[in-house]
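*Asks:* I'd like to ask you about the structure that follows.
Number of protein chains: 2
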Amino acid sequence: MAGIGIKDVAARAGVSVATVSRVLNAHASVSPAARERVLAAVDALGYRPNTLARSLRTDRTRTLGLVISDVLNPYFTALARSVEEEARALGYSIIFGNADERPELQDHHIRTLLDRRIDGLLVSPADGGSPLVLDAARAGTPTVFVDRWIPGVDVPVVRSDGRAAVRDLVAHLHGLGHRRLAIIAGPAATTTGSERVAAFREALAAYGLALPDAYIGQGDFQAASGRRATERFLALSEPPEVVFAADNLMALGALDAIRARGLRVPHDIALAAFDDIPWFVHTDPPVTAIAQPTDDLGRAAVRALTDLIEGRTPQSVTLPARLVVRGSCGEHLTTDTTRRSDA
Amino acid sequence: MAGIGIKDVAARAGVSVATVSRVLNAHASVSPAARERVLAAVDALGYRPNTLARSLRTDRTRTLGLVISDVLNPYFTALARSVEEEARALGYSIIFGNADERPELQDHHIRTLLDRRIDGLLVSPADGGSPLVLDAARAGTPTVFVDRWIPGVDVPVVRSDGRAAVRDLVAHLHGLGHRRLAIIAGPAATTTGSERVAAFREALAAYGLALPDAYIGQGDFQAASGRRATERFLALSEPPEVVFAADNLMALGALDAIRARGLRVPHDIALAAFDDIPWFVHTDPPVTAIAQPTDDLGRAAVRALTDLIEGRTPQSVTLPARLVVRGSCGEHLTTDTTRRSDA
DNA sequence: CCTCCTCGTGGAATCGATTACACGAGGGAT
DNA sequence: ATCCCTCGTGTAATCGATTCCACGAGGAGG
């Protein structure tokens, strides 16, 4: 029923299937007359090649898999969007998998992506040691890490370096008089989870400030964990003056917790976040954040992956993040650097 | 190289490929001994069936296509997440396409989804008359509309009805003394674009209020259009007292415009939005919004589609939306009905 | 005029699964 | 003992493309 095949086209055009295939793939030589008739037949029948059959034969799907950590996180959806856009421009399709920050769900998606014989894999690993990711990379599936990576795996990495921006942030906070600074970290098993803490600690050290364990909240990059960590901070006998959330969702959770406690930002406690999102302009108060060049990251990741697939030598890329000061840490000293929401 | 096939498994297990296939598909009768050896071989070789070949033969991919209007819109990502979750529970995979509210991009994705021979299509059409969607539905691809639909096409629709909630909203606004109410509409070509205006107009009529053309802003469900429409409202000689944005992104744009103008919500102008998102709790001020039961919509849509695919009779579903009052329209009278961000 | 190449073309193998059909062995009924 | 079913299994066709190889026609060069 729903089956117009290459044979039907061949019959209508009065040629063999080989010739039809050659026309469709701009292969070898085909006479203008035959090409004409084939194209006419394709058109008349509304023929579309069966990509399953094609891929089975050629062992290429022109499809990339992208496993993102959390679709509900605006940072990752922005990343996904730019990845898809660049891939489309390069003639590839993207199949997404949403790991929801759960390693087993990540593995599920990687498994089904590999089963679909994608040409390459783009991952921001939800944990440090997923055996499947490692297997995939070792087994020869072209793989690129984006945002997060797994140390010791020889795979290109596209990410942004937030250290300078974190230093700027700490300078800003110190300048406002804050001395007791806390962080809500991501999972230690993720690079972004541990690196941001390290960067924060280093930056504090430059001002002779320590980062006591009680001021390190353990989160999982999701809102609920940000709320829990913040509640714990607020219950301390000496609560921090500033909470720095390692991603935007945990910052949301922190706001929830602060609000539930009846406190005000920044008067009672200051807040800053990693990852900038359009809503931060309009929160109460506007949130000071570290912005990543999301679109560039997505583009670079796709380019690295297609380079790998097509036999060129891929480049790891590290782009700088930058601090965007708003009002959530106190007195707003600089000129307004807020972003428009469609920036 | 990267090719462990069913033949290899058969050879190692000392059986034919037919037997291997039967074991893997829990088909007909296989002796326990043979089954045992096959499973052992599968395990030892780390064999994974080639889904391309399988689908080519069986003409089923156990994959559904979901074309959403905009990945950057939290409403749609929440929908996508629940769709994927339910599909996974039912043994299906999802391939997403992001239309970015652009009909031609929507068609591109529908095209590639059909080329991939998905078993069914879930669409929230970006415009009213995409020929491809119609073709797909008519050509026999099981199709379900979600959120938005195209009138006159005989396809199940899963959506929510906001009329009651809009009436509640208008009652709330009227009760606060507002009389000049404006709306930022979505594209007229989308059902959600026109219906929300109609519901708003009806509700106003119940209070003897009119909806002049000048108070209908034409948006496209994206932030920039919300900003433009709001700027136009503010430039009127008699600006509205309330702006009701037909989706959350246009509400974001409206906030941008209001803020740029140096005005305050709700003191200078009130704001309400269709679609509730976690950030609305923390904006300045918290935004009164109409919440859709996103998770239920996603689940119902997948069930309707799989019913269609598997030969059961699918059900169209309409679920009610509900008003969530916060502070953005003025004096906060009711008890706090804000949502926690992980609700 | 004969040979040789090139060009356009078609036949058929192939990718890796599923599945209709055939077949032999074994058990129960008569 | 004979017949017939059932059960487990293998052989081979098939899905819809791509692509190697062979082949005939026609032009160029000797």
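Residue numbers (the numbering used here), protein chains in the order written: chain A, 496 to 838; chain B, 496 to 838.
Beta carbons are placed, not taken as given, at the ideal position from N, Cα and C, and that holds for glycine.
In chain order, what residues of the same chain have a beta carbon less than 7 Å from the beta carbon of residue 512 of chain B, not counting five sequence neighbours either side?
*Replies:* Within the second sequence, numbered from 1, the residue matching residue 512 of chain B stands at position 17. Excluding residues within five positions, the ones whose Cβ falls inside 7 Å are 501, 502, 505.
*Asks:* Spell out the partners DSSP gives residue 813 of chain B in its beta bridges.
*Replies:* Here residue 813 of chain B refers to the residue found at position 318 of the second sequence. Bridge partners of residue 813 of chain B: B/654.
*Asks:* Which term fits residue 522 of chain B, buried or exposed, when burial requires 16 or more other beta carbons within 10 angstroms of its beta carbon?
*Replies:* The count along the second sequence starts at 1 and reaches residue 522 of chain B at position 27. Result: exposed.
*Asks:* Are the Cβ atoms of residue 737 of chain A and residue 693 of chain A separated by less than 8 Å?
*Replies:* Here the question's residue 737 of chain A lines up with position 242 in the first sequence. Here the question's residue 693 of chain A lines up with position 198 in the first sequence. No, the Cβ-Cβ distance between residue 737 of chain A and residue 693 of chain A is not below 8 Å.
*Asks:* Against residue 779 of chain B, what residues of chain A qualify as contacts under a CB-to-CB distance less than 9 Å, listed in chain order?
*Replies:* Residue mapping note: residue 779 of chain B aligns to position 284 of the second sequence, counting from 1. Within 9 Å Cβ-Cβ: 777, 778, 779, 780, 781.
*Asks:* If you count every other CB in all the chains shown that lies within 10 Å of the CB of residue 601 of chain B, and 16 or more means buried, which is it?
*Replies:* In the second sequence, the residue the question calls residue 601 of chain B occupies position 106. Residue 601 of chain B should be labelled buried.
*Asks:* Quick check: the Cα distance between residue 617 of chain A and residue 537 of chain B, rounded to an integer number of angstroms?
*Replies:* Residue mapping note: residue 617 of chain A aligns to position 122 of the first sequence, counting from 1. Residue mapping note: residue 537 of chain B aligns to position 42 of the second sequence, counting from 1. Cα to Cα, residue 617 of chain A sits roughly 27 Å from residue 537 of chain B.
*Asks:* Distance cutoff 8 Å, beta carbons only. Does residue 520 of chain A sit that close to anything in chain B?
*Replies:* Working through the first sequence from its first residue, we reach residue 520 of chain A at position 25. Cβ-Cβ to chain B under 8 Å: no for residue 520 of chain A.
*Asks:* Quick one: grab the DSSP three-state call for residue 521 of chain B.
*Replies:* Translated into positions along the second sequence, residue 521 of chain B becomes position 26. Coil, per DSSP.
*Asks:* Which term fits residue 622 of chain A, buried or exposed, when burial requires 16 or more other beta carbons within 10 angstroms of its beta carbon?
*Replies:* Working through the first sequence from its first residue, we reach residue 622 of chain A at position 127. By the neighbour-count rule (16 or more Cβ atoms within 10 Å), residue 622 of chain A is buried.
*Asks:* Would residue 816 of chain B and residue 772 of chain B qualify as a contact pair, given that the criterion is a beta-carbon distance under 8 Å?
*Replies:* On the second sequence, position 321 is the one that residue 816 of chain B refers to. On the second sequence, position 277 is the one that residue 772 of chain B refers to. It is not a contact, given that the beta carbons lie outside the stated cut-off.
*Asks:* Expressed to the nearest angstrom, what Euclidean distance is found between the alpha-carbon atoms of residue 686 of chain A and residue 650 of chain B?
*Replies:* The residue labelled residue 686 of chain A in the question sits at position 191 within the first sequence. The residue labelled residue 650 of chain B in the question sits at position 155 within the second sequence. Approximately 46 Å between the Cα atoms of the pair.
*Asks:* Taking a Cβ distance cut-off of 7 Å, strictly less, list which residues of the segment 579-594 of chain A are near chain B, in chain order.
*Replies:* Flagged, chain order: 579, 588, 590, 591, 593.
*Asks:* Using a C-beta cutoff of 8 Å, does residue 607 of chain B count as contacting chain A?
*Replies:* Here the question's residue 607 of chain B lines up with position 112 in the second sequence. True, the Cβ-Cβ gap to chain A drops below 8 Å.
*Asks:* Measuring straight from C-alpha to C-alpha, what distance separates residue 628 of chain B and residue 699 of chain A?
*Replies:* Translated into the one-based positions of the second sequence, residue 628 of chain B becomes position 133. Translated into the one-based positions of the first sequence, residue 699 of chain A becomes position 204. Going by the C-alpha atoms only, they are around 56 Å apart.
*Asks:* Tell me whether residue 634 of chain A sits in a helix, a strand or coil according to DSSP, three-state version.
*Replies:* By 1-based counting over the first sequence, the position of residue 634 of chain A is 139. In this structure, residue 634 of chain A counts as coil in the three-state DSSP scheme.
*Asks:* Beta carbon of residue 556 of chain A, beta carbon of residue 642 of chain A: below 8 Å?
*Replies:* For the purposes of this step, residue 556 of chain A is identified with residue 61 of the first sequence, where counting begins at 1. For the purposes of this step, residue 642 of chain A is identified with residue 147 of the first sequence, where counting begins at 1. No, the Cβ-Cβ distance between residue 556 of chain A and residue 642 of chain A is not below 8 Å.
*Asks:* Entirely within the segment 728-780 of chain A and at least 4 residues each: give me those alpha helix (DSSP H) ranges in chain order.
*Replies:* DSSP runs (the alpha helix (DSSP H)) wholly in the segment 728-780 of chain A: 743-755.
*Asks:* Along the chain, which unbroken stretches of the alpha helix (DSSP H) at least 4 residues long are found entirely within the segment 513-588 of chain A?
*Replies:* Counting whole runs of 4 or more residues, the segment 513-588 of chain A contains the alpha helix (DSSP H) stretches 527-540, 546-553, 569-584.
*Asks:* For residue 568 of chain A versus residue 751 of chain A, is the C-beta distance shorter than 8 Å?
*Replies:* Looking up residue 568 of chain A in the first sequence gives position 73. Looking up residue 751 of chain A in the first sequence gives position 256. Not a contact, by the Cβ cut-off of 8 Å.
*Asks:* Under 8 Å between beta-carbons, which chain A residues line up against residue 550 of chain B? List them in chain order, please.
*Replies:* Reading the second sequence from its first residue, position 55 is the one you call residue 550 of chain B. Simply 547.
*Asks:* When you check each C-beta in the segment 762-774 of chain A against every C-beta of chain B, which residues fall closer than 7 Å?
*Replies:* Listed by position, the residues of the segment 762-774 of chain A near chain B (Cβ gap below 7 Å) are 773, 774.
*Asks:* Identify the continuous beta strand (DSSP E) that holds residue 793 of chain B and give its terminal residues.
*Replies:* In the second sequence, counting from the first residue as 1, residue 793 of chain B sits at position 298. No beta strand (DSSP E) holds residue 793 of chain B; the alpha helix (DSSP H) holding it covers 789-804.
*Asks:* List the residues of chain B that residue 750 of chain A touches, going by C-beta distances under 7 Å, in chain order.
*Replies:* Taking the first sequence and counting its residues from 1, the one referred to as residue 750 of chain A is at position 255. Under the 7 Å cutoff, chain B gives 777.
*Asks:* Using DSSP's beta-bridge definition, name the partner residues of residue 616 of chain B.
*Replies:* For the purposes of this step, residue 616 of chain B is identified with residue 121 of the second sequence, where counting begins at 1. BP columns for residue 616 of chain B point to B/560, B/638.
*Asks:* CA-CA distance, residue 574 of chain B and residue 674 of chain B?
*Replies:* Here the question's residue 574 of chain B lines up with position 79 in the second sequence. Here the question's residue 674 of chain B lines up with position 179 in the second sequence. C-alpha separation (whole angstroms): 34 Å.
*Asks:* What is the residue span of the alpha helix (DSSP H) that residue 608 of chain A lies within?
*Replies:* Position 113 of the first sequence holds residue 608 of chain A. That run of the alpha helix (DSSP H) goes 598-610.
*Asks:* Have a look at residue 834 of chain A and residue 739 of chain A and give me their C-alpha separation to the nearest angstrom.
*Replies:* Stepping through the first sequence from its first residue, residue 834 of chain A is reached at position 339. Stepping through the first sequence from its first residue, residue 739 of chain A is reached at position 244. Reliability of the predicted coordinates at residue 834 of chain A is poor, the pLDDT of 40 falling under 50, and the value obtained from them is presented with this limitation in mind. Going by the C-alpha atoms only, they are around 20 Å apart.
*Asks:* For the segment 734-747 of chain B, list every residue whose C-beta sits within 9 Å of some C-beta in chain A, in sequence order.
*Replies:* Cβ contacts with chain A: 744, 747.
*Asks:* Would you tell me roughly how many angstroms separate the C-alpha atoms of residue 830 of chain B and residue 821 of chain B, rounded to the nearest one?
*Replies:* As a first step, residue 830 of chain B is located in the second sequence; it is residue number 335 there, counting from the start. As a first step, residue 821 of chain B is located in the second sequence; it is residue number 326 there, counting from the start. Confidence is the limiting factor: at residue 830 of chain B the pLDDT is only 43, short of 50, which leaves the residue's position unreliable and the question unanswerable from this model.
*Asks:* Taking only beta-carbon positions, decide if residue 572 of chain A is within less than 8 Å of chain B.
*Replies:* Numbered from its first residue, the first sequence carries residue 572 of chain A at position 77. Answer yes: the Cβ-Cβ gap between residue 572 of chain A and chain B drops below 8 Å somewhere.
*Asks:* Across which residues does DSSP place residue 591 of chain A in a beta bridge pair?
*Replies:* For the purposes of this step, residue 591 of chain A is taken as residue 96 along the first sequence, with counting starting at 1. Note: residue 591 of chain A sits in a beta bridge opposite A/561.
*Asks:* Could you give the DSSP three-state label for residue 501 of chain B: helix, strand or coil?
*Replies:* Here residue 501 of chain B is taken as the residue at index 6 of the second sequence, counted from 1. If DSSP states are grouped into helix, strand and coil, residue 501 of chain B belongs with the helices.
*Asks:* Give the interface partners of residue 525 of chain A over in chain B, defined as CB-CB distance under 8 Å, in chain order.
*Replies:* Residue numbering aside, residue 525 of chain A sits at position 30 when the first sequence is read from its first letter. The premise fails here: residue 525 of chain A is roughly 23 Å from chain B at the closest Cβ pair, so nothing lies under 8 Å.
*Asks:* Which term fits residue 638 of chain A, buried or exposed, when burial requires 16 or more other beta carbons within 10 angstroms of its beta carbon?
*Replies:* Taking the first sequence and counting its residues from 1, the one referred to as residue 638 of chain A is at position 143. By the neighbour-count rule (16 or more Cβ atoms within 10 Å), residue 638 of chain A is buried.
*Asks:* Return the first residue and the last residue of the beta strand (DSSP E) that residue 676 of chain A is part of.
*Replies:* The residue given as residue 676 of chain A occupies position 181 in the first sequence. Residue 676 of chain A -> beta strand (DSSP E) spans 676-680.
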